[in-house]
Amino acid sequence: MPRQLCFQAREPARDGNGLGTAPNPRRRTAKISEQDPTVANPIEQFEIHTHVPLEVAGINASITNSSLWMIGIVATLSLFFFLAVRRAQTVPGRMQSAAEMFYEFVAGMVRDNAGEEGRQFFPFIFTLFAFLLGANLAGLLPYSFTVTSHIIVTFSLAATVFVGVTIIGFIKHGWKFLRLFAPSGVPLALLFMIVPMEIISYFMRPVSLSVRLFANMLAGHLMLKVFAGFVVSLGALGSILGIGAAVLPFAFDFALTGLEFLVAVLQAYVFAILSCIYLNDALHPAH
Amino acid sequence: MTEQVSEVPSSEEGPNFPPFDVTTFQPQVVWLAISFVLFYVILSRLVLPRIQRVMAEREERIAADLDEAERLHKELEELKEAIAERLAEARTRAQGILARARDEMREKSERELAALEERLGQRIRDAEDEIARAKDEILGRIDEIAHEAVHGVFARLGFSEPGEDEIREALEKARRQTQEAA
């Protein structure tokens, strides 16, 4: 579906090409002619717009809508947590209770999945979970941009987890960490098959971790926008039939929004808990 | 794979799908790193230690309160035991006092009863003595009365009076007969 929808990509889409990409005049003309003004482009919501072009030491560090949302999410969550614990009391208030519940939840998750040694990585898991939850939920705000709907963002986080976990594994266990790929109690003959499979599955971890979140966010937001587009185009027909039919995609969008809230929370949770499980493998590599 | 899709936007209507647009990767990674590290620093330096501290404090406080409650409870148990002990002691003492009082009372009443019995026995004996005396007196005078009665009867009937011996004999006979009859 995305490919097909791309044909209709509206003109502003090309602002998202980031710094240094010169607009292609041929493409511009082609797209304008194909554009249907009554249909909202479901891809538009994923476009990256450069607000302040910036280059630092040869690296493109432009301030884009994505970076603004990232900073905004971090600022909002930091403000919430800071206000919640500014005057931390033994008998907590509402905000402090919420922050403590969140803390307890993540602490429990780390403890249950990564054991006591996982405690030192608790701040990272907490940050990861809070950031992903904030980004996923912020994406559900009308007119918002979903940071986690970009594979590079989820992949960067997943790669950080993957590389970090691998380094921790080697630091803690040295070469014995490689025993992770050879489960104990497996016959030697089977090991020739098991070990390559384990290695492949290990290296697929960052991919599955990042694609899972990215695809969930992307698909959810695409669906919401596509059905919202149906509401508009059916409503634009004007007749009673058209407006009556427009109710259906509207109802679907309504239900889908609820589902997307669930997906947003669940995917952040899945990402965090899988990170904990990978961490556990690094801390206790013997199966 | 994902990169390849966006690396070939050569044709006019070629896929320009934003998430696969590699040109936007650099700024996203840069700002992700900046915001994530910032968030991590804020949380791990400012927020999490405070939450941990206040929760540890609360736990400590609860533990201390529980200990205090435990201590008080133990104290209470001890007090209850002491009270029960004292109560049992008092009860046995009360029972002792009661038993002693009962014994005393019984002794006293027995004594009084005995005295009363003694007195009554004395009176009964006195009365019996008096009856016996009266009886003896009457029995002593019975011959005399009989004599007088015999004399009287004979004089009335106009018969010659029998001799004293005859009367005495008859009386003796009659007394024997009554004694036999009795």
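Chains as they are written, first to last, in the working numbering: chain A, -8 to 278; chain B, 103 to 284.
Note that CB positions come from ideal geometry on N, CA and C, so glycine has one too.
Owing to the predicted nature of the structure, the values given are computational and were not obtained by experimental measurement.
- Contact check for A:Phe243 against A:Phe218 passes: the beta carbons are separated by less than 8 Å.
- Only buried fits A:Tyr269, as 16 or more other CB atoms lie within 10 angstroms of its CB.
- A:His212 carries a helical assignment under DSSP once its states are collapsed to helix, strand and coil.
- DSSP, reduced to helix, strand and coil, places B:Thr126 within a helical segment of the structure shown.
- Taking C-alpha positions only, B:Leu150 is separated from B:Ala135 by approximately 20 Å.
- Nearest in C-alpha terms to A:Ile116, of all of B:Thr125, B:Phe122 and B:Ser146, is B:Ser146.
- Beyond the five residues adjoining it in sequence on each side, A:Ser57 comes within less than 8 Å, by CB distance, of Ile39, Phe136, Val138, His141 and Val144 in the same chain, given in chain order.
- Around A:Ser57, the beta-carbon contacts reaching into chain B at under 7 Å are Gln130 and Trp133.
- Residue state for A:Val82 is assigned as coil, using DSSP reduced to three classes.
- Taking C-alpha positions only, B:Asp205 is separated from B:Ala192 by approximately 20 Å.
- Rounded to whole angstroms, the gap between the alpha carbons of A:Val261 and B:Leu181 is 56 Å.
- Distance between B:Ile185 and B:Ala171, taken at the CA atoms: about 20 Å.
- Distance from A:Val256 to A:Leu124 at the Cβ level is roughly 7 Å; contact confirmed, criterion being Cβ atoms closer than 8 Å.
- Nearest to A:Asp272 by C-alpha distance, out of A:Gly63, A:Gly49 and A:Phe168, is A:Phe168.
- Proximity of the region 143 to 159 of chain A to the region 195 to 215 of chain A meets the contact definition, three or more beta-carbon pairs being nearer than 8 Å.
- Between B:Glu161 and chain A, the shortest Cβ-Cβ separation is not below 8 Å.
- With respect to the C-alpha of A:Met188, the residue from A:Ala180, A:Ser199 and A:Phe172 having the closest C-alpha is A:Phe172.
- Straight through space, the alpha carbons of B:Pro129 and A:Glu46 are spaced by roughly 9 Å.
- Under the Cβ distance rule, B:Ile144 counts among the residues neighbouring chain A, one pair being separated by less than 8 Å.
- Taking C-beta separations shorter than 6 Å and ignoring five residues to either side along the sequence, the partners of A:Glu108 in its chain run Leu274, following chain order.
- Cα atoms of B:Ala216 and B:Leu222: separation of roughly 10 Å, rounded to the nearest angstrom.
- Residue range Leu150 to Leu259 is occupied by the alpha helix (DSSP H) that includes B:His249, with no beta strand (DSSP E) assigned at that position.
- Taking a Cβ-Cβ threshold of 9 Å, the residues of chain B close to A:Leu209 are Pro121, in chain order.
- Straight-line measurement puts the Cα of A:Leu59 at about 13 Å from the Cα of A:Gly130.
- Within the same chain, Cβ atoms closer than 7 Å to the Cβ of A:Ala98 are found at Phe113, the five residues on either side in sequence being excluded.
- Chain-order list of chain B residues neighbouring A:Met92: empty, with the shortest C-beta distance near 10 Å, by a criterion of under 9 Å.
- Contacts with chain B at 8 Å (Cβ-Cβ) do not include A:Met100.
- Only residues of its own chain outside the window of five on either side were considered, and among them none has a CB closer than 8 Å to the CB of A:Ile162.
- Shown in chain order are the members of the region 39 to 64 of chain A whose Cβ falls below 7 Å from a Cβ of chain B: Ile39, Ile50, Asn51, Ala52, Ser53, Thr55, Ser57, Ser58, Met61 and Ile62.
- For B:Leu150, a Cβ of chain A is located within less than 8 Å of the residue's own Cβ.
- The beta carbon of A:His212 is closer than 7 Å to those of Gln36, Gly130, Thr137 and Ser140 in its chain, skipping five residues each way along the sequence.
- Listed in chain order, the positions of the region 142 to 166 of chain A with a beta carbon within less than 9 Å of a beta carbon of chain B are Ile142, Ile143, Val144, Phe146, Ser147, Leu148 and Thr151.
- Near chain A, meaning a CB-to-CB distance below 8 Å, the residues of the region 156 to 185 of chain B are Val156, Met157, Glu159, Arg160 and Arg163.
- One finds Pro121 in chain B with Cβ atoms closer than 7 Å to the Cβ of A:Ser140, taken in chain order.
- Taking the Cα positions, B:Pro120 is about 8 Å away from A:Ile34.
- Here the alpha carbon of B:Glu187 sits roughly 18 Å from the alpha carbon of B:His175.
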